[in-house]
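*Asks:*
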Amino acid sequence: MNPTVLLSLIIFAPAIGALLLAFMDGRAVSLLRNFTLAITIITFALTLMLANQFNYGESGIQFEVVRNWIPSWNVYYRVGVDGISLPLVLLTTLVSMLAAVASWSINKLHKGYFILFLLLESGMLGVFLSLDFFLFYVFWEVMLLPMYFLIGIWGGPRKEYAAIKFFLFTLVGSVLMLIAMLMLYFTTGGQQHSFNLIELAKVAAGGSEHLTSGLTPKMQITAFVLLFIGFAIKIPAVPFHTWLPDAHVEAPTPISMILAGVLLKMGGYGIIRIAFPLCPYGAYCAAWFLVAIGVISIIYGAFAALAQTDFKRLVAYSSVSHMGYVLIGLAVWKIAEGQTVNPDMWNMGINGAMFQMLAHGISSSGMFFMVGVIYDRVHHRNLNEFGGLMGKMPVYSGLSVGIFFAGLGLPGMCGFIGEVFVVLSTWNFNPALAIVAASGVILTAGYILWALQRVYLGSEYKGPHAEEITPITPRESAVGYILLTLAILLGVFPGIVFSIMNGSVTELVDHMQAGYDHAATLLDQQLQAMR
Amino acid sequence: MVGETLIPTLLTIAWLLPLLGFAVEMLYGRKGERTTTKWPAWCAVACIGTGFLCSLIALLTWGQATGWAVLESHDLHGPDQHHSEDDPHHHGDSPKHQASTNESGWQMTALTATENSDDAEHVPFPSVYSGTLYTLGVFGSLVVSIDYYIDSLTLVMFTMVTLIATCIHLFAMGYMSDELTNEYVDHFAHTSDGKHVHRPGRFYRFFAYMSLFCFSMLGLVLAGNIFQVFVFWELVGICSYLLIGFYTERKSAGDAANKAFIMNRIGDFGFLIGLMVVWTWFGTFQFSELFDSLPRDATGHIVTNDLGEVAVSTHSGESRSIPYSLLVVAGLGVFAGCIGKSAQFPLQTWLPDAMEGPTPVSALVHSATMVAAGVYLVGRFYPMFVPEVLLTIAYIGAITLFLAATIAVVATDIKRVLAYSTISQLGYMMLGLGVFGWAAGLFHLITHAFFKSLMFLCSGSVIHGCHHEQEMPKMGGLMRKMPITAGTMLIGVIAISGLAVPGLIAFSGYHSKDAIVATALAFIQANPAHFLLFLLPLLTAGITAFYMFRLWFYTFFGEPRDQHIYDHAHESPWIMTAPLLVLAVFAAGCAIGGEKGMLYMMLLGSEPVHVANGVPAATVGELVLPGHSAIHDVHAKAGMWALLAAISGTLLAYVLYGTKTVNLSDMKRQLAGIHQFLSEKWYFDELYHALFMKPVHQVAALFAWIDRTMIDRVVHASAGLMVKISKWDRFFDETFVDGLVNLIARATFSSGILLKAVQTGRLRQYVMFIVVGVVALFAVLFTTFPN
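Residue numbers (this note's numbering), protein chains in the order written: chain A, 260 to 790; chain B, 845 to 1631.
1. Apply the 10 Å Cβ neighbour rule to residue 417 of chain A and answer buried if 16 or more other Cβ atoms are within range, or exposed otherwise.
2. Could you tell me whether the region 305-317 of chain A touches the region 744-757 of chain A, where touching means 3 or more Cβ pairs closer than 8 Å?
3. Can you tell me where the beta strand (DSSP E) with residue 1155 of chain B in it begins and where it stops?
4. Just the Cα atoms here: how many angstroms apart are residue 585 of chain A and residue 554 of chain A?
5. So residue 990 of chain B packs on residue 972 of chain B, CB below 8 Å; how close in whole Å?
6. Pick from A:386, A:594 and A:606: whose alpha carbon is nearest that of residue 395 of chain A?
7. Compare the C-beta of residue 1180 of chain B against all C-beta atoms of chain A and say whether one is closer than 8 Å.
8. Taking the alpha-carbon of residue 998 of chain B as reference, which of B:1538, B:858 and B:1187 has the nearest alpha-carbon?
9. Kindly indicate which three-state DSSP category residue 982 of chain B falls into: helix, strand or coil?
10. Along the alpha helix (DSSP H) that carries residue 262 of chain A, what are the first and last residues, could you check?
11. To the nearest angstrom, how far is the alpha carbon of residue 1029 of chain B from that of residue 1395 of chain B?
12. Looking at chain B, is there any beta carbon in it that lies within less than 8 Å of the beta carbon of residue 701 of chain A?
13. What residue range does the alpha helix (DSSP H) around residue 1195 of chain B cover?
14. Less than 8 Å between the beta carbons of residue 391 of chain A and residue 322 of chain A, yes or no?
15. The alpha helix (DSSP H) spanning residue 610 of chain A covers which residue range?
16. Can you name, in chain order, every residue of its own chain whose Cβ lies under 6 Å from the Cβ of residue 1012 of chain B, other than the five neighbours on each side?
17. Residue 1225 of chain B by DSSP, collapsed to three states: which one?
18. Quick one: which chain A residues come within Cβ less than 7 Å of residue 1033 of chain B?
19. Would you decide whether residue 944 of chain B is buried or exposed? Buried here means 16 or more other CB atoms lie within 10 Å of its CB.
20. What in chain B is Cβ-close to residue 682 of chain A, meaning under 9 Å?
21. Measure the alpha-carbon distance for residue 1470 of chain B versus residue 1083 of chain B and round it to whole angstroms.
22. Should residue 363 of chain A be flagged as near chain B, meaning a C-beta pair shorter than 8 Å?
23. Please decide whether residue 781 of chain A counts as near chain B, where near means a Cβ-Cβ distance under 8 Å.
24. Span of the alpha helix (DSSP H) holding residue 508 of chain A?
25. With H, G and I counted as helix, E and B as strand and the rest as coil, what does DSSP make of residue 321 of chain A?
26. Are the Cβ atoms of residue 1281 of chain B and residue 1340 of chain B separated by less than 8 Å?
27. If I follow the unbroken alpha helix (DSSP H) through residue 1230 of chain B, where does it start and stop?
28. When DSSP builds the beta bridges, which residues end up paired with residue 595 of chain A?
29. Check whether the region 1056-1071 of chain B touches the region 1153-1173 of chain B, taking contact to mean three or more Cβ pairs, one atom from each stretch, closer than 8 Å.
30. From residue 783 of chain A to residue 688 of chain A, what does the alpha carbon distance come to, in whole angstroms?
31. Could you tell me how far apart the beta carbons of residue 534 of chain A and residue 483 of chain A are, in whole angstroms, since I believe they sit closer than 8 Å?
32. Going residue by residue through the region 1008-1061 of chain B, where are the continuous beta strand (DSSP E) segments of at least 3 residues, counting only ones entirely within it?
33. Go through the region 333-415 of chain A residue by residue and report every complete run of the alpha helix (DSSP H) that reaches 4 residues or more, in order.
34. Return yes when the Cβ of residue 551 of chain A is within less than 8 Å of the Cβ of residue 485 of chain A, no when it is not.
35. In three-state terms, what does DSSP make of residue 1146 of chain B?
36. Return the residue from the list B:884, B:1586, B:904 and B:867 that minimises the CA-CA distance to residue 855 of chain B.
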């Protein structure tokens, strides 16, 4: 298929599906389910086609499509894919597909649910594929609304609270992002203002032929901080994380899977796609701060997870902890005498961070799914009231233990590669932070093994509804097997993913150095002008 | 050369086969009748057995390829012995071979280090095969990959691991046969109503885990870079977790599994720090590149410049200065991992608890192979250790070996005695490596693997025969019921105690422990300040003999203490006793020839080059690391001391437990304080609970509290503020804005009401209004605009 059509099709296929769903009979539940599943499978297949046509040797944007949208404001429909977005696009369609399978457990207002579900998928894909800041922003908001309703209507007992908390946190981030976006828009000059992310990045490195920028290094720092807070809320980094446990606990299982599997990645993606390239100097100035926040998130999240008694809350806090590695890996950028110290290390850090996003997407959506499976049966999540499931549901327990091991960062599974590559690249940046980050491995083992022991091991099940415990169904085990297989595959052959990302990440590292050089020149000029 | 492709291929096959076995057993293990299906076990045995054959062929190929140079280079009687080296039975189970090695062994003159290095120059052979299997990631000049590194140490380890694993798999087939049922009754797991747990048997799963473990362990040995070691390090850890927790229904098993894994992770945290330093400063993980990168002068010192930095050439060709202190950090970091894995002080407490696993697991994982991996890694990474690190290793080893031995003296659970003995022996190995006895430490690793796995299997046989009774005070006199077990156990006990008639007969443990004690003596003669490093192992040699014979007398000797158990005890079936016999042969004879024998020579072939000559002190007060000749000089003396210690320990054990001359309970009462202290394992568990577990949970609760109250309070407060502002806004809206609007509306309305009166519907009246209106308008118009 023509790649230019393919990209737009990927973004809008779920939306078209949602539109078709609107004309269907809301009572034909199994039709709705199967139709949604079919749409997500088609979308996944399309992204596989995209991956197949993608040129792995090339580092820049591929399959770029540009159409006029709002010409008077220089807003374009501009989409494209590169080594950084492609893995996340694949992850999105994969997790959506599995979440569609998990959506069998939804038991009310099916039609509305599936329409919102598909709209959400469109929004997420749009975010990852947009190359126009305005378009990105629109998709960012598009994704927000379905999520709000999905939590607020199909959620648990405190769903309204959780939905509003989620919405408001994200909205605050959006507003900050909007301010930064307008800052960047109005300071670019030359031929005209621009929302083009690629050109804006080039401007920041002083290498654009079309645009000039009035953004001083100091303003860059402001813009970076605004963008960063916006994205940090999404990641979520401590202390902007408290929306996450509530949202996860209240959200229905498939939505938790998407929330953990994909939505959190948007924070990391935003940093690597927007905040870093557009404000390289700001990124450099904030690097230490970012790494420190990452380290705090790891430790804080792990400790908090250790104290939870709600199974789902524990998994939610493990997300906070695991996503800390992403922040660290992205930001281990050290400069001495104007040159990046050991750029290969930073390259490895970014690669590790990207890998960690994928790994977490697989392992944490798997963990949420596994929690959902048992919750559907016994309708509680109290860690102290489980036990003995290994005997009652052996296949389920085996799959769960496998997926939790992936979350624990066991070698040979995906979580290990991301974490350890990030940590290895951190010593170069700062030994003390590296050591604290590395100590997370102990706490992670602690909370995960302790949880496993309380849920799966032991002589008997201690909670209510013991009679409801039935073996895992083929539908459920299929999701588990797919995620577990992927976790092992990526853990054993991480090169598959690195080969996609490597070119783009190397380009980013070079770009950031150029951006720093550019800002340093500007600062020098300012200094001389003052004299 | 044929070996270059064949050896790595063979070892890779040996390594991957158990993984295949694991997959097959895990996926299809539930197929077939649960009560009779033994095929998963046979599958596991086939995999590991083939692995053994592959390793053996690889070993032979290596020998052929190198012309057995590793043996000949030190062998003054080369031609005499050559024919016997072609014999595939390396471990001396051929009588002819035994004789010839023994004979020539004792006649051989001392080998000095100069000869060693000279010969190495004359006979260049590819003693190391290394290469890359595939890459995990490439980042500019940084490459992380899966490699292999094969030298004689790798080959010996492979052969040892696969051989012992095969024996243990066979043994386990008998030991675990009570899992071949649909209704397994677990007598150690209770439900809340006090009944035993009934569950389907899990025969296949046991063998699946064992296969996974074998894969991980072999991967660890084959690893060609330190990162890969870490990968398999954690994998063996998780296998150990799964196997310790095999009886998932037992709370104690789950606790022990968690403890094992988490304590290992504490060590791995250090390991990770070591990895970070190596990665950041050397830019590579590969052994072959790392070992060449540290510059050493002719005496074996690491060359430092005036700033105390070491100039290394990294693999990419650039030169870099590394602070010496970072080398210490890297070494200590990696060693921290070894402390965790090999259950050294202060992370020793997990291993005794790990005895919750089935006994074959204890034999394979927790004595012969996995726990020895820490020792193996110290040996493997040896060229990177600076003297400060070596001294730490030695002291950790010395503390551990003494501490564990003292606890073993009072333990009454047969497996726990063996567990503490394992810790203690691992301490010996660490000590040996730390005092510059590279080959001695690893020698003991191999011999210990054989005799300790043998003893664990014997204890398994006893436990099986006594229907899961593990308390020694309930045993006694079992020699009559289970003669093979008792006999083979005695061989193991003699081997570990180091009893021998020098020059006539000596089991493996005698040779290897001698080598360590001799090195320690040479070390303290050169560094008298560290005399404890000799005193503790010497003393402990006696304690070892004491507690091992105590175990043997307690269990097999004398009169039965519990008639019920004794009456039902029986010798195990052949599938369990045959492995005992095989292992007993190796426990007795694997080190035949001592330090002139095959095994030691094989190991010596991989010794790092700077070890042979020793390292003299650069400045006064620095450590002197003894070379081969220095060790040889004190060998006879050290050996005599060690033997004396062992004999006195044995005699004491006989007097206390073999005869009835001493009232044991009286003695226990008199020594109640110390007995209590030792029984409580020096109170380490309590200490750690108070020092670490509790604080961690408190901090965790604190952080959760911060989340709930502090952060969310800010969020809620700002939300509340917003709501208040909105309410005020609403009030303003409703009272002022709306009030104004309403006022206007009300005015309009009331005027409308007023005007309603004039709306009468009478036409004439309307015309009147119009006329009046028009006139009024005109009047206004004319008065306002007069012109």
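Ideal Cβ placement from N, Cα and C applies to all residues, glycine included.
*Replies:* This is what the structure holds:
1. Within the first sequence, numbered from 1, the residue matching residue 417 of chain A stands at position 158. Classification of residue 417 of chain A: exposed, given that the 10 Å Cβ count is below 16.
2. no
3. Translated into positions along the second sequence, residue 1155 of chain B becomes position 311. Residue 1155 of chain B -> beta strand (DSSP E) spans 1153-1157.
4. Taking the first residue of the first sequence as position 1, residue 585 of chain A is located at position 326. Taking the first residue of the first sequence as position 1, residue 554 of chain A is located at position 295. Straight-line Cα distance between these residues: approximately 10 Å.
5. On the second sequence, position 146 is the one that residue 990 of chain B refers to. On the second sequence, position 128 is the one that residue 972 of chain B refers to. In fact, because the Cβ distance is near 17 Å, the residues do not count as touching under 8 Å.
6. The residue given as residue 395 of chain A occupies position 136 in the first sequence. Residue 395 of chain A has its Cα closest to that of A:386, out of A:386, A:594 and A:606.
7. Looking up residue 1180 of chain B in the second sequence gives position 336. So no, residue 1180 of chain B is outside the interface.
8. Against the second sequence, residue 998 of chain B aligns to sequence position 154. Checking every option, the nearest Cα to that of residue 998 of chain B belongs to B:858.
9. Walking along the second sequence from the start, residue 982 of chain B turns up at place 138. DSSP places residue 982 of chain B in strand when its eight states are reduced to three.
10. Indexing the first sequence from 1 puts residue 262 of chain A at position 3. Its alpha helix (DSSP H) spans residues 262-281.
11. Here residue 1029 of chain B refers to the residue found at position 185 of the second sequence. Here residue 1395 of chain B refers to the residue found at position 551 of the second sequence. Approximately 29 Å, taken between the alpha carbons.
12. Numbered from 1 along the first sequence, position 442 holds the residue referred to as residue 701 of chain A. Interface residue, yes.
13. By one-based count along the second sequence, residue 1195 of chain B stands at place 351. Looking at the DSSP string, the run of the alpha helix (DSSP H) that includes residue 1195 of chain B is 1194-1197.
14. One-based indexing of the first sequence puts residue 391 of chain A at position 132. One-based indexing of the first sequence puts residue 322 of chain A at position 63. No, the Cβ-Cβ distance between residue 391 of chain A and residue 322 of chain A is not below 8 Å.
15. Within the first sequence, numbered from 1, the residue matching residue 610 of chain A stands at position 351. Its alpha helix (DSSP H) spans residues 602-637.
16. Walking along the second sequence from the start, residue 1012 of chain B turns up at place 168. So the qualifying residues of the chain are 1204, 1207 and 1208.
17. On the second sequence, position 381 is the one that residue 1225 of chain B refers to. In this structure, residue 1225 of chain B counts as coil in the three-state DSSP scheme.
18. Mapped onto the second sequence, residue 1033 of chain B falls at position 189. Residues of chain A passing the Cβ test: 718.
19. Locating residue 944 of chain B in the second sequence gives position 100, counting from the first residue. Residue placement at residue 944 of chain B is flagged as unreliable, the pLDDT there being 35, under the threshold of 50; the coordinate-derived value follows with that caveat. Residue 944 of chain B comes out buried.
20. For the purposes of this step, residue 682 of chain A is identified with residue 423 of the first sequence, where counting begins at 1. Within chain B, the residues near residue 682 of chain A are 1116, 1119 and 1120.
21. The sequence position of residue 1470 of chain B within the second sequence is 626, counting from 1. The sequence position of residue 1083 of chain B within the second sequence is 239, counting from 1. Roughly 38 Å between the two C-alpha positions.
22. Stepping through the first sequence from its first residue, residue 363 of chain A is reached at position 104. By this cut-off, residue 363 of chain A is not an interface position.
23. Taking the first residue of the first sequence as 1, we reach residue 781 of chain A at position 522. It does not; no Cβ of chain B falls within 8 Å.
24. As a position in the first sequence, residue 508 of chain A is number 249, starting the count at 1. Taken as a continuous stretch (DSSP letters only), the alpha helix (DSSP H) holding residue 508 of chain A covers 502-509.
25. As a first step, residue 321 of chain A is located in the first sequence; it is residue number 62 there, counting from the start. It is a strand residue.
26. Counting from 1 along the second sequence, the entry for residue 1281 of chain B is found at position 437. Counting from 1 along the second sequence, the entry for residue 1340 of chain B is found at position 496. Contact flag unset, no.
27. What you label residue 1230 of chain B is simply residue 386 of the second sequence in a count that begins at 1. Counting along the chain, residue 1230 of chain B falls outside any alpha helix (DSSP H), and DSSP gives it neither H nor E.
28. Walking along the first sequence from the start, residue 595 of chain A turns up at place 336. DSSP, once it has assigned bridges, lists A:598 as partnering residue 595 of chain A.
29. no
30. Reading the first sequence from its first residue, position 524 is the one you call residue 783 of chain A. Reading the first sequence from its first residue, position 429 is the one you call residue 688 of chain A. So the alpha carbons of these two residues sit roughly 26 Å apart.
31. For the purposes of this step, residue 534 of chain A is taken as residue 275 along the first sequence, with counting starting at 1. For the purposes of this step, residue 483 of chain A is taken as residue 224 along the first sequence, with counting starting at 1. So it is a contact: roughly 6 Å between Cβ atoms.
32. 1028-1034 and 1040-1043
33. 344-361, 369-388 and 392-413
34. Mapped onto the first sequence, residue 485 of chain A falls at position 226. Mapped onto the first sequence, residue 551 of chain A falls at position 292. Going by C-beta atoms, residue 485 of chain A is not nearer than 8 Å to residue 551 of chain A.
35. Within the second sequence, the letter at position 302 stands for residue 1146 of chain B. In this structure, residue 1146 of chain B counts as strand in the three-state DSSP scheme.
36. By one-based count along the second sequence, residue 855 of chain B stands at place 11. Residue B:904 is the option with its Cα nearest to residue 855 of chain B.
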